[in-house]
Structure formats: C-alpha cells, structure tokens
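Asks: One structure, as structure tokens, below. Some questions next.
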Amino acid sequence: MWTNIGGESPHNFNYKLLDFGNGRKLEQFGSYIVDRPSQIATNKPYHPELWDEKVAYFDAEKGWQFAEGIYKEWIINVLDISVKLKFSPSGQLGIFPEQYPNWIFLRKISDNISEKITILNGFAYTGISTLFTINGINETVHVDGSSSAINWAKENFKINYNSSGAKFINEDMLTFLSKEIRRGKKYNAFIFDPPEFGRGPKGEWSLKKDLPKLIDAINSLAYNPIFLIFTTHSQWLNKKELVSMMKKIKFIDNKYEIFDLIISTEEGANLNLGISFRWSQV
Numbered sequence: 021m022w023t024n025i026g027g028e029s030p031h032n033f034n035y036k037l038l039d040f041g042n043g044r045k046l047e048q049f050g051s052y053i054v055d056r057p058s059q060i061a062t063n064k065p066y067h068p069e070l071w072d073e074k075v076a077y078f079d080a081e082k083g084w085q086f087a088e089g090i091y092k093e094w095i096i097n098v099l100d101i102s103v104k105l106k107f108s109p110s111g112q113l114g115i116f117p118e119q120y121p122n123w124i125f126l127r128k129i130s131d132n133i134s135e136k137i138t139i140l141n142g143f144a145y146t147g148i149s150t151l152f153t154i155n156g157i158n159e160t161v162h163v164d165g166s167s168s169a170i171n172w173a174k175e176n177f178k179i180n181y182n183s184s185g186a187k188f189i190n191e192d193m194l195t196f197l198s199k200e201i202r203r204g205k206k207y208n209a210f211i212f213d214p215p216e217f218g219r220g221p222k223g224e225w226s227l228k229k230d231l232p233k234l235i236d237a238i239n240s241l242a243y244n245p246i247f248l249i250f251t252t253h254s255q256w257l258n259k260k261e262l263v264s265m266m267k268k269i270k271f272i273d274n275k276y277e278i279f280d281l282i283i284s285t286e287e288g289a290n291l292n293l294g295i296s297f298r299w300s301q302v
C-alpha cells in the first residue's frame with residue numbers, strides 16, 4: 021500500500037509519493053494529499069488525474085491554500101512512533117520521508133546497544149531521528165537554531181515518551197559545538213542534516229564555508245565513536261566530494277556506506293532528494 025523509500029519496504033509508515041512533475045510533488049501523509057514545490061521534479065507528471073485529489077497546496081508567494089474542513093495538525097505513524105505534522109509557513113510539514121532508511125538504522129542501533137551512548141543530533145529539526153535513538157539508556161542532545169523546531173520536537177517527544185533520554189537545545193550549531201569543546205564534552209555518535217544555508221539565533225550557516233568547521237568539531241568531540249550519519253540536500257556536494265570530506269573525520273574508516281535519499285511512486289518512478297553518508301562501528 022505504501023511507497024517504496026530508499027530501497028526499503030516500509031511497515032507502518034503512513035506516507036505515499038503519489039506523483040511528481042512540473043516542479044511539484046504530490047504526497048499523501050495519512051489521509052491528507054498535499055501538493056508542494058519540488059525543484060528537481062522537472063519531468064511531466066505521470067498521473068495528472070491524481071492532482072485534483074489534493075486537500076492542501078503550497079505556493080511560495082501565497083502560502084498554503086486548503087480545502088474546507090481539514091485540520092492544520094495531525095498525527096501519522098512512522099514505524100513504532102507517532103509524529104505530529106503541521107502546515108508550516110515555509111511549506112514544510114515536519115518530516116522528510118527520504119530519511120526513512122536512516123530511521124530504520126537508528127532503531128536497530130538503539131535496540132541492540134546495551135550500554136549507554138551519548139548522541140549528538142545537530143540541525144535536528146522536529147526530532148524524528150532523535151525519537152529513534154531513545155531506548156531508555158542512551159542520552160541524545162538535540163540541537164537546532166529554530167525555536168519553533170525545538171518546540172515541535174518537544175511535542176513529538178511527549179507524544180511518544182514519558183521518560184527522559186533527550187535534551188533539547190535551541191542554539192546556533194557552531195556556537196554550541198564551540199561551547200561543548202570548551203566544556204570538554206564527548207559524544208559517541210553523531211547525526212547531522214545541515215541545510216545549504218541557514219540562520220540561527222546567533223549566526224548564519226553556510227554548508228560550503230562551515231562544513232570544515234563542523235568536521236573539526238566532530239574530531240574534537242568524538243570518544244569511542246559508534247556511528248555517524250551525515251545527510252545533505254546540497255547541489256554543491258556529490259557523492260565523491262562528500263566521501264572526501266567525511267574521510268577528514270579521524271575515526272572514519274572503510275566501514276561506511278553512501279547512498280541516494282530516494283522516494284518512489286508505487287510504479288517505481290524515483291525522486292532523488294539528497295545523499296546520505298553513514299558509518300557504523302557495530
């Protein structure tokens with residue numbers, strides 16, 4: 021019933037990519053069909069007849085347009101967690117379905133680690149990756165420069181967990197990393213999904229300019245590393261260039277994998293939304 025994502029076969033993920041083309045994508049999240057921009061969808065739509073079924077449409081200039089009577093917030097399932105979606109002013113909904121293979125990876129890691137590890141999730145958005153690191157043992161530090169994203173992540177955490185296990189910090193990423201280095205903090209695992217450009221409460225981020233600083237910080241903060249996930253939607257980095265950058269992290273050896281972040285229609289039409297670099301010691 022549900023779409024094939026990144027080569028995986030999803031179970032209990034209420035999402036479909038219905039169609040894409042003409043600079044847009046048509047997706048189903050739970051019972052809602054949503055029409056949003058997608059610059060890389062340059063083809064003609066495969067199923068023009070489906071697009072009239074949308075209940076929400078986003079335009080960069082006009083914002084969201086809705087069918088009558090729909091809720092502006094709703095819950096969908098992703099594996100064994102629940103996620104709150106919202107129609108945000110930027111056109112986002114609070115979830116990036118192409119990350120599904122990494123959520124499976126995080127759940128498997130968390131289920132099979134019996135000793136506490138400390139995880140840093142940077143540029144962590146609404147916290148779905150954070151949720152999959154929670155196992156009653158781990159400690160995850162969730163950092164994002166957007167206060168609204170942090171509050172959204174806290175909502176998602178409360179929906180799923182009554183216990184502790186995550187610490188939410190609203191701060192510019194590089195500022196936070198510098199403070200952690202001065203404090204002598206160490207981490208066993210890292211998750212990063214940085215934008216190409218971004219603005220935090222105390223600074224601006226540029227992937228091309230600041231990625232070397234991020235790598236230096238990882239080298240300073242790593243202790244007995246277990247895993248690293250780095251994803252990018254940048255037009256600047258291809259796979260070869262990303263591997264070259266990631267190999268500047270001291271603990272990265274040949275136990276890595278790199279793959280496209282793909283979502284697919286039921287007929288197998290692929291929309292490539294980025295690259296994922298993943299390294300694991302287990």
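Per my numbering, the very first residue in the sequence shown carries number 21; after that it's consecutive. Cβ coordinates follow ideal geometry from the N, Cα and C atoms, glycine included.
Using DSSP's beta-bridge definition, name the partner residues of TRP172.
Replies: Counting from one through the sequence shown, the residue named residue 172 turns up at place 152. Note: TRP172 sits in no beta bridge, so no partner.
Asks: Taking C-alpha atoms, which residue in SER240, PRO214, LYS229 and SER102 lies nearest to TRP172?
Replies: Residue mapping note: residue 172 aligns to position 152 of the sequence shown, counting from 1. Checked all of SER240, PRO214, LYS229 and SER102; the closest Cα to TRP172 is SER102.
Asks: If we call anything under 9 Å between Cβ atoms a contact, is ILE137 one with GLU159?
Replies: The sequence position of residue 137 within the sequence shown is 117, counting from 1. The sequence position of residue 159 within the sequence shown is 139, counting from 1. Yes, Cβ-Cβ distance for ILE137 and GLU159 is below 9 Å.
Asks: Measure from the alpha carbon of TYR52 to the alpha carbon of each residue in TYR276, LEU257, GLU88 and GLU216, then state which is nearest.
Replies: Locating residue 52 in the sequence shown gives position 32, counting from the first residue. The shortest C-alpha separation from TYR52 is found at GLU88.
Asks: Decide if the segment 137 to 153 is in contact with the segment 208 to 218; the criterion is three or more beta carbon pairs, one per stretch, under 8 Å apart.
Replies: Enough Cβ pairs lie closer than 8 Å, so yes.
Asks: Which residue from VAL75, ALA80 and ILE96 puts its Cα closest to that of PHE86?
Replies: Numbered from 1 along the sequence shown, position 66 holds the residue referred to as residue 86. The shortest Cα separation from PHE86 among VAL75, ALA80 and ILE96 belongs to VAL75.
Asks: Got a sec, what are the start and stop residues for the alpha helix (DSSP H) PHE196 sits in?
Replies: As a working mapping, residue 196 is identified with position 176 in the sequence shown. Unbroken alpha helix (DSSP H) run through PHE196: 193 to 203.
Asks: Mind reading off the beta-carbon distance from HIS162 to GLY185? Whole number of angstroms is fine, and I expect it under 8 Å.
Replies: In the sequence shown, the residue the question calls residue 162 occupies position 142. In the sequence shown, the residue the question calls residue 185 occupies position 165. Not a contact, Cβ separation roughly 10 Å.
Asks: Please name the residue, chosen from ASN97, TYR91 and ASN63, that lies closest to ASN32 on a Cα-to-Cα basis.
Replies: Counted from its first residue, the sequence shown places residue 32 at position 12. Comparing Cα positions, the closest option is ASN97.
Asks: Give the C-beta separation of GLY165 and GLU191 to the nearest angstrom, bearing in mind that I take them to be a contact with Cβ-Cβ under 8 Å.
Replies: As a first step, residue 165 is located in the sequence shown; it is residue number 145 there, counting from the start. As a first step, residue 191 is located in the sequence shown; it is residue number 171 there, counting from the start. Correct: roughly 7 Å between the Cβ atoms.
Asks: With 16 as the cutoff for other CB atoms within 10 Å, does TRP225 come out buried or exposed?
Replies: Residue numbering aside, residue 225 sits at position 205 when the sequence shown is read from its first letter. That one is buried.
Asks: Mapping the DSSP letters down to three states, classify ASP230 as helix, strand or coil.
Replies: Taking the first residue of the sequence shown as position 1, residue 230 is located at position 210. Looking at ASP230 - three-state DSSP - the assignment turns out to be helix.
Asks: Considering only the alpha carbon of each residue, which of SER240, THR252 and ASP273 lies closest to LEU197?
Replies: Taking the sequence shown and counting its residues from 1, one reaches residue 197 at position 177. Nearest C-alpha to LEU197: SER240.
Asks: Measuring alpha carbon to alpha carbon, tell me which of GLY218, ASP79, LYS174 and PHE271 ends up nearest PRO109.
Replies: As a first step, residue 109 is located in the sequence shown; it is residue number 89 there, counting from the start. Measuring from the Cα of PRO109, the nearest candidate turns out to be ASP79.
Asks: Taking only the alpha-carbon atoms, compute the straight-line gap between GLN255 and TRP299 and give it to the nearest angstrom.
Replies: Your numbering for residue 255 matches position 235 in the sequence shown. Your numbering for residue 299 matches position 279 in the sequence shown. Their Cα atoms are separated by approximately 22 Å.
Asks: Consult DSSP for GLN119 and reduce its assignment to one of helix, strand or coil.
Replies: In the sequence shown, counting from the first residue as 1, residue 119 sits at position 99. In the structure shown, GLN119 sits in a helix (DSSP, three-state: H, G or I).
Asks: Would PHE49 and TYR66 qualify as a contact pair, given that the criterion is a beta-carbon distance under 9 Å?
Replies: Indexing the sequence shown from 1 puts residue 49 at position 29. Indexing the sequence shown from 1 puts residue 66 at position 46. For PHE49 and TYR66, no; Cβs fall outside 9 Å.
Asks: Cα-Cα, which of LEU257, PRO232, PHE279 and SER284 is closest to LYS270?
Replies: Translated into positions along the sequence shown, residue 270 becomes position 250. Nearest C-alpha to LYS270: PRO232.
Asks: In or out: TYR120 buried (at least 16 other Cβ within 10 Å) or exposed?
Replies: Walking along the sequence shown from the start, residue 120 turns up at place 100. Result: buried.
Asks: Which residue comes first and which comes last in the alpha helix (DSSP H) that contains VAL163?
Replies: Translated into the one-based positions of the sequence shown, residue 163 becomes position 143. Premise fails: VAL163 lies in the beta strand (DSSP E), 159 to 164, not in any alpha helix (DSSP H).
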